[in-house]
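Working notes, beginning with the structure itself.
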Amino acid sequence: MNVILENKPATVPVKSRRRLPTELSIFLVLIGIGLVFELFGWIVRDQSFLMNSQRLVLMILQVSIIGLLAIGVTQVIITTGIDLSSGSVLALSAMIAASLAQTSDFARAVFPSLTDLPVWIPVIVGLGVGLLAGAINGSIIALTGIPPFIATLGMMVSARGLARYYTEGQPVSMLSDSYTAIGHGAMPVIIFLVVALIFHIALRYTKYGKYTYAIGGNMQAARTSGINVKRHLVIVYSIAGLLSGLAGVVASARAATGQAGMGMSYELDAIAAAVIGGTSLAGGVGRITGTVIGALILGVMASGFTFVGVDAYIQDIIKGLIIVVAVVIDQYRNKRKLKR
Amino acid sequence: MFASATASSNPLVGIQPAAIPVDEPYLLEIVNVSKGFPGVVALSNVQLRVRPGSVLALMGENGAGKSTLMKIIAGIYQPDAGELRLRGKPVVFDTPLAALQSGIAMIHQELNLMPHMSVAENIWIGREQLNGFHMIDHREMHRCTAKLLERLRIDLDPEEHVGNLSIAERQMVEIAKAVSYDSDILIMDEPTSAITDKEVAHLFSIIADLKSQGKGIIYITHKMNEVFAIADEVAVFRDGAYIGLQRADSMDGDSLISMMVGRELSQLFPVREKPIGDLLLSVRDLRLNGIFKGVSFDLHAGEILGIAGLMGSGRTNVAEALFGITPSDGGEIRLDGQPVRISDPHLAIEKGFALLTEDRKLSGLFPCLSVMENMEMAVLPHYVSGNGFIQQKALRALCEDMCKKLRVKTPSLEQCIDTLSGGNQQKALLARWLMTNPRILILDEPTRGIDVGAKAEIYRLIAYLASEGMAVIMISSELPEVLGMSDRVMVMHEGDLMGTLDRGEATQERVMQLASGMTAVH
């Protein structure tokens, strides 16, 4: 077909039919899954799955935390990287932020002299912990050239260890009301959607976004085009870390406690959300809108299976299958697109 | 390719008499084979015949189609048209394995060995000697390897890890591996490009042995003297077409060169007046340790300086050193008389350099991004407004303008660049660099893999840019292109600058002589 293009006259019309965005097909899958559960709901439980605002709110709340991680890991995956540390970094920043948000009513506070602090201190520190962890990930990857898988695997293990060591495994509770307000009601959802919007815009309309796609598309060409690839990678991993930190703050505020076991294996759910949403592990491809829908699909499935009464173990089996099938379909679609 | 291939179950290396019927003089015949890739015709209607017990040398410039043809013979590519005949019978090789099982083995230009495995494991990979329990019989494997190496007089330990061997020794392992298949036809694609004279002599003695066993050998090389040393016949390719075949003893270097390059300089190259301007760039004794040394030249505004040389001569490395991709280890670069130190491409871009890289896929294209995103990448920092957003409108206008000027044929700027033809991709990448308003434009193989029509357009553009005062460095393997476009031609051979020829004295023969290291002028 290339040859045909070549033979066309130079006056090819500039405007062309725009392809349906890939997000639309994922969105249709989301709707489809919802409708399947709706159907099963009427058959098995004799009630509606979708027409239950309480369940939907709960579902989106659960999605928010994973979603925050997924927004970060999407950007990392676009650069052909991976971030395995997001769940552990979430736990670490949750612990540290919570320890600075305790009230003086509590006799066994982690830092008895640092209670009743203004709410911005634990928030900033929590974000800072995440940012630092991400910056370390990015610096190690950019400076030593070791695979992101290994660098972030190390961070995943160490951050979890540090989160446990911090209070010798004790949970941090009795958090101030102003802190727990961050996780109250729809706040996590609002934070999630605002962050998604920010990075959707950043990826599409800023130099940061263009460079991220360029590095993922062809790292060598990116360097030749004058992009400081190493610095940019540090920035991308730092942002992923920052979002893990934010997720840690939101999660601890919502649970009103910081626990070292928080966010266990969330990194895999986040990666799954990104991949289901159309982000390519080969790099250069991926969008925040897709990732948000991917996270919603995971949420709808978890909520729907519970609603229909599917055993939790079987839920995992099916979830695994769906992740693999989603990627297989995606690859098939890409191949067909190239052949066209 | 061999790595994944499995040969017949019999791993023993034996010398089998070549049973060739008297009425069938050819081992392998290639009849009217054509092969195209998107946007280019790599081979058109070529033929080739290999006799048993003889060495057929295959010559031609880079891009003449030799390697493509060999890959078709070895089953790596499928021909679009034409036929392969093995001992008179038509054959089709769907996979490299099928070719191997039919008795065709190939020593590749690139080394295909696994560094963490031993010499023996590398040679027998995929057809390991097994014991009664179906486990690998290492002792037998080492015995076979020792026997093979002894027969070939290669002095290597079968248990040595390939990673510990020198490049030349690895090449000898490759050769041993190819011989171990006991094939009737052995293809050697530039086997001497990485080895020293001593090993070359050794290789030639192995080739003589194989010849006496009745094997047919196809030997691809750029080196004139090798052809006359071992070849019985020489086949010449040019631009994907078969030019002719002659007995090696009926030719000399000059007649061979004119056969290889002997095409007319057609109207492809625009005539340029020569308003050469001020001295812009002055390079003295530039070197990159182990890669090239002693590279000195001056470049004026409005001048086109060609760099000729074979692959691996260091041409591309000079360009990458100038552009800061691999900063030089020594020497001086002066821009407008001021010494400059360029350690990274973004510094080079700031100073007015632009580099269209040699390998479009490897280091040029962003394959999954749109035409516009591919074009805008190098100028992006200049199109960021105060609030951090990209000035989409201004960029789009610039890209549209560039598309018009360069006649990039694309349905829209949003089109994924993968779907464009090679020529249009190349023009879009050229646009990327022209948008930076460079003063020095370095073009590395600007017309590789694109068709003649697009080539002519790119030549026209280069000539236009030079007439506008841009200084151009053009690296190319295609001699007519370098000669047709350049005001001066710098010729490199194995990392050394062999000489710089003015337009008047630069003939194809002269450049070829310098590029193949036969003589040097200083």
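Chains A and B, in that order, give the protein sequences.
When you line the first sequence up against full-length UniProt numbering, it's residues 1 to 340, in that order.
When you line the second sequence up against full-length UniProt numbering, it's residues 1 to 522, in that order.
Every residue gets a Cβ at the ideal spot worked out from N, C-alpha and C, and that includes glycine.
Hey, how far is the Cα of N228(A) from the Cα of R55(A)?
Each residue's Cα considered, the two are about 46 angstroms apart.
At 4 residues or longer, what runs of the alpha helix (DSSP H) sit wholly inside the region 464-506 of chain B?
If we require 4 residues or more, the alpha helix (DSSP H) runs fully inside the region 464-506 of chain B come out as 479-485.
Where are the alpha helix (DSSP H) runs, 4 residues long or more, that stay fully inside the region 331-390 of chain B, in chain order?
With a minimum length of 4 residues, the continuous alpha helix (DSSP H) runs that stay inside the region 331-390 of chain B are 345-350, 360-363, 371-376.
With 8 angstroms set as the bound, which would you pick, yes or no: does the beta-carbon of E174(B) sit closer than that to a beta-carbon of chain A?
So no, E174(B) is outside the interface.
With three or more C-beta pairs closer than 8 angstroms as the rule, is the region 327-337 of chain B touching the region 307-314 of chain B?
Short answer: they don't touch.
Run down chain B in chain order and give the residues with a C-beta less than 7 angstroms from the C-beta of K285(A).
Checking the displayed sequence, the identity of residue 285(A) turns out to be Val instead of Lys. Simply C368.
What does L355(B) touch in chain A if you count any residue whose Cβ is under 7 angstroms from its own?
Near L355(B) (Cβ distances below 7 angstroms), the residues of chain A are T224.
What residue does the beta strand (DSSP E) around D401(B) start on, and which one ends it?
Counting along the chain, D401(B) falls outside any beta strand (DSSP E), though it belongs to the alpha helix (DSSP H) covering 392-406.
With H, G and I counted as helix, E and B as strand and the rest as coil, what does DSSP make of I161(B)?
Note that residue 161(B) corresponds to His in the displayed sequence, not to Ile. DSSP places H161(B) in strand when its eight states are reduced to three.
For the pair the region 89-98 of chain A and the region 229-248 of chain A, tell me if three or more CB-CB distances fall below 8 angstroms.
Touching, yes, given that three or more Cβ pairs across the two stretches are closer than 8 angstroms.
Please report how far the alpha carbon of G65(B) lies from the alpha carbon of S34(B), in whole angstroms.
Rounded to whole angstroms, G65(B) to S34(B) spans 10 angstroms at the Cα level.
For G87(A), count neighbouring Cβ atoms within 10 angstroms of its own Cβ and tell me buried if that reaches 16, exposed if not.
Under this definition G87(A) is a buried residue.
With 16 other CB atoms within 10 Å as the buried threshold, where does E481(B) fall?
The residue in question, E481(B), is buried, as its Cβ has 16 or more Cβ neighbours within 10 Å.
Locate the alpha helix (DSSP H) running through F149(A), then write down its first and last residues.
Per DSSP, F149(A) belongs to the alpha helix (DSSP H) from 148-166.
Any C-beta of chain B sitting closer than 8 angstroms to the C-beta of Y213(A)?
Yes - at least one Cβ of chain B is within 8 angstroms of the one on Y213(A).
Can you tell which of G161(A), M219(A), A196(A) has its C-alpha closest to the C-alpha of I66(A)?
Checked all of G161(A), M219(A), A196(A); the closest Cα to I66(A) is A196(A).
Any idea what DSSP makes of Q78(B), helix, strand or coil?
It is coil, neither helix nor strand.
Run through chain A and tell me which residues come within less than 9 angstroms of M377(B), C-beta to C-beta.
Per Cβ cutoff of 9 angstroms: K210, Y211, A214, A221, A222, S225, G226, I227.
Does any CB atom of chain A fall closer than 8 angstroms to the CB of E457(B)?
Cβ-Cβ to chain A under 8 angstroms: no for E457(B).
For L299(B) and M402(B), what's the separation of their Cα atoms in angstroms?
Approximately 26 angstroms between the Cα atoms of the pair.
Within 8 angstroms of any Cβ in chain B, is that where the Cβ of Y332(A) sits?
Not one chain B Cβ lies under 8 angstroms of Y332(A).
How about G277(A) and I26(A): do their beta carbons lie closer than 8 angstroms?
Against a cut-off of 8 angstroms, the Cβ pair of I26(A) and G277(A) comes out as a contact.
Among residues of its own chain, excluding the 5 on either side of I322(A), which ones have a beta-carbon nearer than 6 angstroms to its beta-carbon?
No residues qualify anywhere along the chain.
Apply the 10 Å Cβ neighbour rule to D285(B) and answer buried if 16 or more other Cβ atoms are within range, or exposed otherwise.
With fewer than 16 other Cβ atoms within 10 Å, it is exposed.
Whole alpha helix (DSSP H) runs in the region 53-128 of chain B with 4 or more residues, listed along the chain?
Segments of the alpha helix (DSSP H) lying fully in the region 53-128 of chain B: 66-73, 96-101, 119-123.
Would the beta-carbon of A159(A) fall within 8 angstroms of that of A133(A)?
A contact, by the Cβ cut-off of 8 angstroms.
Quick one, which of G504(B), Q508(B), L365(B) has its alpha-carbon nearest I257(B)'s?
That would be Q508(B), whose Cα lies nearest to the Cα of I257(B).
Bridge partners for H300(B) per DSSP, in chain order?
According to DSSP, H300(B) bridges with L279(B).
Tell whether a beta-carbon distance below 8 angstroms holds between T74(A) and I215(A).
No, they are not a contact pair.
Buried or exposed: where does L152(B) fall if 16 or more other Cβ atoms within 10 Å of its Cβ makes it buried?
Flag for L152(B) reads buried.
Considering only DSSP beta bridges, list what K35(B) is partnered with.
Beta-bridge pairing links K35(B) to L43(B).
So with CB distances below 7 angstroms, who are the chain A contacts of H349(B)?
Residue identity check: residue 349(B) is Ile in the sequence provided, not His. Those are G226, listed as they occur along chain A.
Please return the same chain residues whose Cβ sits closer than 8 angstroms to the Cβ of S212(B), not counting the five positions on each side in sequence.
Correct list, in chain order: G53.
Does V328(A) come out as helix, strand or coil in the three-state DSSP assignment?
Here V328(A) sits in helix by DSSP.
Give the list of continuous alpha helix (DSSP H) stretches no shorter than 4 residues that lie fully inside the region 171-214 of chain B.
The qualifying runs are 197-212.
Around the Cβ of E150(B), are there at least 16 other Cβ atoms within 10 angstroms (buried) or fewer (exposed)?
Exposed.
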